[in-house]
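Chemist:
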Amino acid sequence: MEKFLEKYPHASRINVAWGEMDALQHVNNVVYFRYFETARIDYFDRIYPLGAMYAKGVGPVISENQARYKRPVTFPDTLLVGVSISDVRDDRFTLHYEVFSERQQALTTTGSSVAVMFDFSSGAKAQLPAELRQLLEQDLR
2 MEKFLEKYPH ASRINVAWGE MDALQHVNNV VYFRYFETAR IDYFDRIYPL GAMYAKGVGP
62 VISENQARYK RPVTFPDTLL VGVSISDVRD DRFTLHYEVF SERQQALTTT GSSVAVMFDF
122 SSGAKAQLPA ELRQLLEQDL R
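Going by the numbering used here, the letters in the sequence shown line up with residues 2 to 142, in that order.
What follows is the structure, given as structure tokens:
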């Protein structure tokens, strides 16, 4: 866990809820996308609050999600979800996720999302704000 927290000092801590398990008694596969969303929002709250972007009518929307399940997670557990950034372009960037189980002391899931900047008034892609692009590029791994 120490190595995980060194890599992701601001990892989101998420408690597994009983209702997130499926008939096979492990966390349902779609729930991980909610975990990724929580970590993504936490990440933005730290570097560039989404509310400030959305107030300007522009913000990131997810165009692609992917997950790879390495180990099943069951209740009770607490997960740490780390976020990193790659592939920053003029209008998009990629977020990568790693999910670490405190109970298992192991990495359980990895994933990624492609976020595309979107202008909500025109309904079209938009450019990354210069300040956000700079912050994302500082966080490249």
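Backbone N, C-alpha and C fix where the C-beta goes; we use that ideal spot for every residue, glycine too.
Note that the structure is a prediction, hence the values are computed from the model and not measured.
1. Look up K4 in the DSSP assignment and give the residues it is bridged to.
2. Could you check the C-alpha separation between T75 and S123 for me, to the nearest Å?
3. Who are the Cβ neighbours of P77 in its own chain at under 6 Å, not counting the five residues just before and after it?
4. Output the boundary residues of the beta strand (DSSP E) element that contains E99.
5. Using CA coordinates, which residue listed in A12, M2, P73, G112 is at the minimum distance from R47?
6. Does DSSP put D46 in a helix, a strand or coil?
7. Going by DSSP, what residues sit across from E65 in a beta bridge?
8. Exposed or buried, R41, counting other C-beta atoms within 10 Å across all chains shown (16 or more means buried)?
9. In chain order, what residues of the same chain lie with their CB nearer than 8 Å to the CB of M54, ignoring the 5 residues before and after it?
10. With C-beta atoms as the reference, is I86 less than 7 Å away from L141?
11. So for G124, helix, strand or coil by DSSP?
12. Below 7 Å between beta carbons: does that hold for R107 and R72?
13. For Y55, name the three-state secondary structure that DSSP assigns.
14. Of all the options R90, A116, Y36, which has the alpha carbon lying nearest to the alpha carbon of G83?
15. Just to confirm my understanding: we take V32, look at its own chain, exclude 5 residues before and 5 after, and list those with CB closer than 7 Å. What are they?
Modeler: Inspection of the coordinates gives the following:
1. K4 pairs with nothing; no bridge assigned.
2. 43 Å
3. Taking C-beta separations shorter than 6 Å and ignoring five residues to either side along the sequence, P77 has no partners in its chain.
4. First-last of the beta strand (DSSP E) with E99: 93-102.
5. A12
6. The three-state secondary structure of D46, taken from DSSP, is helix.
7. V115
8. buried
9. G60, P61, P130, L133.
10. Yes, they are a contact pair.
11. coil
12. The residue you asked about is not Arg; residue 107 is Ala in the sequence shown. Yes; because the gap between Cβ atoms is below 7 Å, this pair is in contact.
13. helix
14. Y36
15. E21
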